[in-house]
Amino acid sequence: MIAVEHLSKHFNGQPVLRDVSLHVAKSECVVLLGASGSGKSTLLRCINQLESPDVGRITVGDVTVDCSRPVGREVQRQLRLRAAMVFQHFNLFPHLDALRNVAAAPVHVRGMPRPQAEAEAMEWLRRVGLAGHAHHVPSQLSGGQQQRVAIARALAMRPDALLLDEPTSALDPALRGEVTDVLRALAEDGTTMLLVTHDLRLARDAADRLLVMCAGEIVESGATDRVLRQPAHAATRALLA
Ligand SMILES: Nc1ncnc2c1ncn2[C@@H]1O[C@H](COP(=O)(O)OP(=O)(O)OP(=O)(O)O)[C@@H](O)[C@H]1O
Ligand SMILES: [Mg+2]
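Sequential numbering from 8 applies to the sequence shown in the working numbering.
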């Protein structure tokens, strides 16, 4: 569902991604681990066209982009519709309640009639355990609840895949569990996800497969249990230590 082929990216002459290739199959949850500065966020941002790679190919669903050529706006838009991003800091609209936060993009981007978008938004909020909070604005929600609204908002666009960048790291440890539970349930239900985290509990609970980045390269890839039990690369051992 997601394929990255030979992707490279420099910032100010410094390589940040070096010939990165990966794939995420339909219904697979792949967790990307790596030290701070190893290039994880840049990789997700490239997939979602928030950064322009120097070279490489990116496919999400039925859209493929060759990054060595100028990428048109319509193709970028199509790629973003297929891969919805969830950020560390939830970025909800502060003046809209949870229901309207979830319904906003289906109405404004997809052109869905508002009554239908709000009915579906209610279902997505139920899915993340927040149907009872539909009319709370973000300031009336805990961090964990806000992140669950942000996940519902991403799902409401019916993307082919979710890209999640440290969805639990802005939360107090006590609030991480509720977001981890939602992500684990989505993984079990076959939501295709590429998830960046430093949270090993989340990785263990949600991931079918782990990838490890070090200095812009993927240095290890394998089934979650195998990587956690028998890490092959020094960078992985350092992360697990
Ligand atoms: N817009 C930018 N301009 C210049 N350098 C950047 C930019 N964005 C990221 N970098 C650099 O690229 C490298 C990778 O950054 P990135 O944010 O992808 O790392 P990360 O693995 O997500 O780290 P963390 O775990 O801390 O979030 C870092 O050296 C960073 O300083
Ligand atoms: Mg990052």
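Even for Gly, the Cβ is constructed at its ideal location relative to N, Cα and C.
Leaving aside the five residues that flank Leu106 on each side, the residues in its chain whose CB is nearer than 8 Å to its CB run, in chain order, Glu125, Ala128, Met129, Leu132, Ala141 and His142.
Within the same chain, Ser15, Lys16, His17, Cys74 and Ser75 come within 8 Å of Asp61 by CB-CB distance, once the 5 residues on both sides are set aside. A contact between stretches requires three or more CB pairs, one per stretch, nearer than 8 Å, and the region 78 to 92 fails this requirement with the region 24 to 36. Checking the DSSP bridge columns, you'll see Met220 partnered with Gly41 and Ile225. Contact between the region 149 to 165 and the region 112 to 119 is established, with three or more Cβ pairs separated by less than 8 Å.
Counting the other Cβ atoms within 10 Å of the Cβ of Thr71 gives fewer than 16, which makes it exposed.
Cβ atoms of Leu99 and Val156 come within 8 Å of each other, at about 6 Å. When the beta-carbon positions are compared, Arg216 and Gly197 stay at least 8 Å from each other.
As for any beta strand (DSSP E) of minimum length 3 sitting wholly inside the region 100 to 134, there is none.
Scanning Met220, Leu148, Phe97 and Arg87 for the CA closest to the CA of Glu173 turns up Phe97. Bounds of the alpha helix (DSSP H) holding Ser48 are Lys47 to Ile54.
Between Val38 and Ser176, the alpha-carbon positions lie close to 14 Å from each other.
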